[in-house]
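Asks: Chains as they are written, first to last, in our numbering: chain P, 1 to 264; chain S, 1001 to 1359.
1) Distance check for residue 171/P and residue 246/P, CA to CA, integer angstroms please.
2) Kindly say whether residue 1024/S, judged by its beta-carbon, lies nearer than 9 Å to any beta-carbon of chain P.
3) Using a Cβ cut-off of 9 Å (strictly closer), state whether residue 83/P contacts chain S.
4) Between the C-alpha atoms of residue 144/P and residue 1014/S, what's the straight-line distance to the nearest angstrom?
5) If the criterion is Cβ atoms closer than 9 Å, does the pair residue 27/P and residue 125/P meet it?
6) Please report whether the beta-carbon of residue 1048/S lies at a distance below 9 Å from any beta-carbon of chain P.
7) Suppose you measure from the CA of residue 94/P to the CA of residue 68/P; what does that come to, to the nearest Å?
8) Does the Cβ-Cβ distance between residue 63/P and residue 1199/S come in under 9 Å?
9) Touch check for the segment 1169 to 1180 of chain S and the segment 1254 to 1261 of chain S: three-plus C-beta pairs under 8 Å?
10) Taking all protein chains shown into account, do 16 or more other C-beta atoms lie within 10 angstroms of the C-beta of residue 1047/S, making it buried, or fewer, making it exposed?
11) How is the beta strand (DSSP E) around residue 1240/S delimited, first residue to last?
12) Check the C-beta distance from residue 136/P over to residue 149/P and give it rounded, since I have them as a contact under 8 Å.
13) Using a beta-carbon distance below 9 Å, is residue 1053/S in contact with chain P?
14) On a CA-only basis, which of 119/P, 71/P and 43/P is nearest residue 83/P? Give me that one, please.
15) Which chain P residues sit within Cβ distance under 7 Å of residue 1201/S?
16) Taking the beta strand (DSSP E) that residue 1052/S belongs to, which residues open and close that run?
17) Check whether the segment 70 to 87 of chain P touches the segment 1214 to 1229 of chain S, taking contact to mean three or more Cβ pairs, one atom from each stretch, closer than 8 Å.
18) Does the segment 1321 to 1337 of chain S come close enough to the segment 1109 to 1116 of chain S that 3 or more CB-CB pairs lie under 8 Å?
19) Can you determine whether any heavy atom of the ligand ADP sits closer than 8 Å to the C-beta of residue 1076/S, and answer yes or no?
20) Is residue 1066/S close to chain P, meaning its C-beta is less than 9 Å from at least one C-beta of that chain?
21) Distance check for residue 189/P and residue 213/P, CA to CA, integer angstroms please.
22) Between the C-alpha atoms of residue 141/P and residue 65/P, what's the straight-line distance to the nearest angstrom?
23) Ignoring anything shorter than 4 residues, give me the alpha helix (DSSP H) runs that lie fully in the segment 63 to 97 of chain P, in order along the chain.
24) Where do the N-terminal and C-terminal ends of the alpha helix (DSSP H) with residue 217/P fall, by residue?
25) Compare the C-alpha of residue 1185/S against each of 1039/S, 1149/S, 1315/S and 1078/S and name the closest.
26) Please work out which residues of its chain come closer than 8 Å, Cβ to Cβ, to residue 129/P, disregarding the five sequence neighbours upstream and downstream, and give them in chain order.
27) With DSSP as the reference, label residue 266/P as helix, strand or coil.
28) Residue 1094/S lies in the alpha helix (DSSP H); which residues open and close that run?
29) Identify the contact partners of residue 57/P in chain S, using a Cβ-Cβ distance below 8 Å as the criterion.
30) Check for me: the alpha helix (DSSP H) holding residue 46/P runs from which residue to which?
31) Can you name the start and end residues of the beta strand (DSSP E) that residue 1368/S belongs to?
32) Which chain P residues are close to residue 1360/S, counting only those with a beta carbon under 7 Å from its beta carbon?
33) So is residue 191/P in contact with chain S if we call contact Cβ pairs under 9 Å?
34) Provide the residue span of the beta strand (DSSP E) that contains residue 1027/S, from first to last.
35) Scan the segment 1088 to 1112 of chain S for residues whose Cβ lies nearer than 8 Å to a Cβ of chain P and list them as they occur along the chain.
36) Which residues in chain P have a C-beta closer than 9 Å to the C-beta of residue 1192/S? List them in chain order.
Shown next as structure tokens:
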């Protein structure tokens, strides 16, 4: 009898530090599966955030690099510039990517750096006990919004896919979810697509993954998975926000933009 | 020194010398008084097949250095004082992860935005480690465009030999004044295949570049390793220049532009019959304390001159202890001690000299 479900080789045989019901383990697994299926394990350089996934290198058997909080895209793009033959991805949470690292996130995308960014959005700072994140929903109670996020003083949730889709340079942007088998299968396809973009030299790819944080949402894993569908998804609709894989995407952006250059 | 002399600013001298020393990667963010530096790199790096990125901030620039260095590249950034403050986070991470990099600080007046005139107020920041944690950064303080050009390859050697970020400090005046420079011949960039560089684990075990060490005792062991490294580095890499100290009754101690002023003051003092010497630290850390003690053996007094309100003078006092009286003359905020003021102060070297207002 042959096994139908095994651990992908890039995923180390080690327990993770994640809480029950957390999406990180699922995200790690589908990334590892994609790496194995695409035969790119020996070419990958992965980068974790400062956050719950800071120990990414303990779980993935690939070359890995740390970065200061939020600076992951800056570190990643320089690795890719110096080693274009590698497959470089950053893996970041909402605080790392959308708060302290928003500047690097936007400019790396705007330059069309040919890296892949995986963005795990669980609406809270998981590692530091669940403070309000840039993606926290209006009214959502967190460690630092004990009566709920008040948009009048704390703003509204940042929608990163929508924000990045205003830029010319990105090639592929998709938001997926990790809460049901159907969603996980779709997420895996998105991960493969993002790596495909990079392998084809087509530029910047960004995959946002809605992920449960039952520990800081103060729910059971089952309730948290349901909450993703019923409450998170209406604010963060799933889908493809940019797909220029069919077009010839040049590093300087669209032809219209190039022709506007005064010295062109 | 095979090439014919070129007339260039200190900023361009640093950039050109770095490229000739095999620089792979430069990232920077605009700031006065080193804007010709970044512009020169933008024009020249791509022509030579190297990588230039104008970063979105100093934070991004120094972290791009982190990434390029982790990939095995020879890397440099440049900025000026307020920008260097922003880079300190990244310098701490470079030190923790033991990644080589060269950071050039074309110093201007501070604190805060200060002004855009030359100054030496970042001595403490460079020599004490401006970022968090227990680390040191070797720091060079060249005094001319020529010396900037000569020290850039040395800075890369020290950075890579000891796997550490290295600072090169000169003030905005040296950065912007044009002087004749003879450059070393250009060398090809070195191989990026260092035994710790990230390149994919196709034919070896996976590598990790990190500074987070959470296992019990791991960070303490790492700190101990770093301490031993800095101790060996300090013993091996101190550099200085001494002129006329053998018979000196007064020794002037200064680096960078202040040392240029002191060189003229020393000549004037000698002409007036005062036996003056000049001791010029070229590495600010490691501070050449033993050489300084030897240089001051015959002196009845020591005068430290700086473009700040007294920073290196603390290292001079640490080096000399109570053996010699140490006085200080300095101007901050863009002021430069005049040769006349230095000569006057040198006659009473042990005094604290009020900053003079003359131009």
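Cβ atoms here follow ideal geometry from the backbone N, Cα and C, with glycine treated the same way.
These figures come from a predicted structure and were not determined experimentally.
Replies: This is what the structure gives:
1) Stepping through the first chain from its first residue, residue 246/P is reached at position 246. Stepping through the first chain from its first residue, residue 171/P is reached at position 171. Straight-line Cα distance between these residues: approximately 9 Å.
2) The residue you call residue 1024/S lines up with position 24 of the second chain. Yes, contact with chain P.
3) Here residue 83/P refers to the residue found at position 83 of the first chain. Yes, its Cβ sits closer than 9 Å to a Cβ of chain S.
4) Numbered from 1 along the first chain, position 144 holds the residue referred to as residue 144/P. Numbered from 1 along the second chain, position 14 holds the residue referred to as residue 1014/S. Each residue's Cα considered, the two are about 48 Å apart.
5) Along the first chain, read from residue 1 onward, the residue named residue 27/P stands at position 27. Along the first chain, read from residue 1 onward, the residue named residue 125/P stands at position 125. No.
6) Here residue 1048/S refers to the residue found at position 48 when the second chain is read from its first residue. No - not a single Cβ of chain P is within 9 Å of the one on residue 1048/S.
7) To locate residue 94/P, count along the first chain from 1; it is residue 94. To locate residue 68/P, count along the first chain from 1; it is residue 68. The alpha-carbon atoms of residue 94/P and residue 68/P are separated by roughly 15 Å.
8) On the first chain, residue 63/P is found 63 positions in, with the first residue counted as 1. On the second chain, residue 1199/S is found 199 positions in, with the first residue counted as 1. The answer is yes: Cβ separation under 9 Å.
9) Yes, the segment 1169 to 1180 of chain S touches the segment 1254 to 1261 of chain S.
10) Along the second chain, read from residue 1 onward, the residue named residue 1047/S stands at position 47. Around the CB of residue 1047/S, fewer than 16 other CB atoms lie within 10 Å, so the residue is classed as exposed.
11) As a working mapping, residue 1240/S is identified with position 240 in the second chain. Run containing residue 1240/S: 1240 to 1243, per the beta strand (DSSP E) assignment.
12) Mapped onto the first chain, residue 136/P falls at position 136. Mapped onto the first chain, residue 149/P falls at position 149. Yes, they are in contact, since the Cβ atoms of residue 136/P and residue 149/P sit about 5 Å apart, within 8 Å.
13) As a first step, residue 1053/S must be located in the second chain, where it is residue number 53. Closer than 9 Å: yes.
14) Position 83 of the first chain, counted from the start, is the residue given in the question as residue 83/P. Among 119/P, 71/P and 43/P, the Cα nearest to that of residue 83/P is on 43/P.
15) For the purposes of this step, residue 1201/S is taken as the residue at position 201 of the second chain. Per Cβ cutoff of 7 Å: 42, 62 and 63.
16) Taking the second chain and counting its residues from 1, the one referred to as residue 1052/S is at position 52. 1051 to 1054 is the extent of the beta strand (DSSP E) around residue 1052/S.
17) no
18) yes
19) Summarising the ligand content, the structure contains no ligands, and the ligand ADP is consequently not present.
20) The sequence position of residue 1066/S within the second chain is 66, counting from 1. Chain P contact via Cβ: present.
21) In the first chain, residue 213/P corresponds to position 213, counting from 1. In the first chain, residue 189/P corresponds to position 189, counting from 1. The straight-line gap from Cα to Cα measures roughly 23 Å.
22) For the purposes of this step, residue 141/P is taken as residue 141 along the first chain, with counting starting at 1. For the purposes of this step, residue 65/P is taken as residue 65 along the first chain, with counting starting at 1. Each residue's alpha carbon lies about 34 Å from the other.
23) 72 to 82
24) Position 217 of the first chain holds residue 217/P. Element bounds for residue 217/P: 214 to 217.
25) Position 185 of the second chain, counted from the start, is the residue given in the question as residue 1185/S. The candidate whose alpha carbon is nearest that of residue 1185/S is 1149/S.
26) For the purposes of this step, residue 129/P is taken as the residue at position 129 of the first chain. 143 and 216.
27) There is no way to answer for residue 266/P, as the model of chain P reaches only from 1 to 264.
28) Locating residue 1094/S in the second chain gives position 94, where the first residue counts as 1. Taken as a continuous stretch (DSSP letters only), the alpha helix (DSSP H) holding residue 1094/S covers 1081 to 1097.
29) By 1-based counting over the first chain, the position of residue 57/P is 57. Neighbourhood of residue 57/P in chain S, by CB distance below 8 Å: 1206, 1208 and 1210, in chain order.
30) Your numbering for residue 46/P matches position 46 in the first chain. Looking at the DSSP string, residue 46/P is not in any alpha helix (DSSP H); the run it does join, the beta strand (DSSP E), is 44 to 47.
31) The displayed coordinates of chain S run from 1001 to 1359. Any statement about residue 1368/S would go beyond what the structure contains.
32) Since the first residue shown for chain S is 1001 and the last is 1359, residue 1360/S is missing from the structure and cannot be characterised.
33) Within the first chain, numbered from 1, the residue matching residue 191/P stands at position 191. Judged by the 9 Å Cβ criterion, residue 191/P is not in contact with chain S.
34) What you label residue 1027/S is simply residue 27 of the second chain in a count that begins at 1. Here the beta strand (DSSP E) through residue 1027/S covers 1025 to 1028.
35) Going along the segment 1088 to 1112 of chain S in chain order, one finds 1089, 1090, 1093 and 1097 with a Cβ nearer than 8 Å to chain P.
36) What you label residue 1192/S is simply residue 192 of the second chain in a count that begins at 1. Result: 82 and 83.
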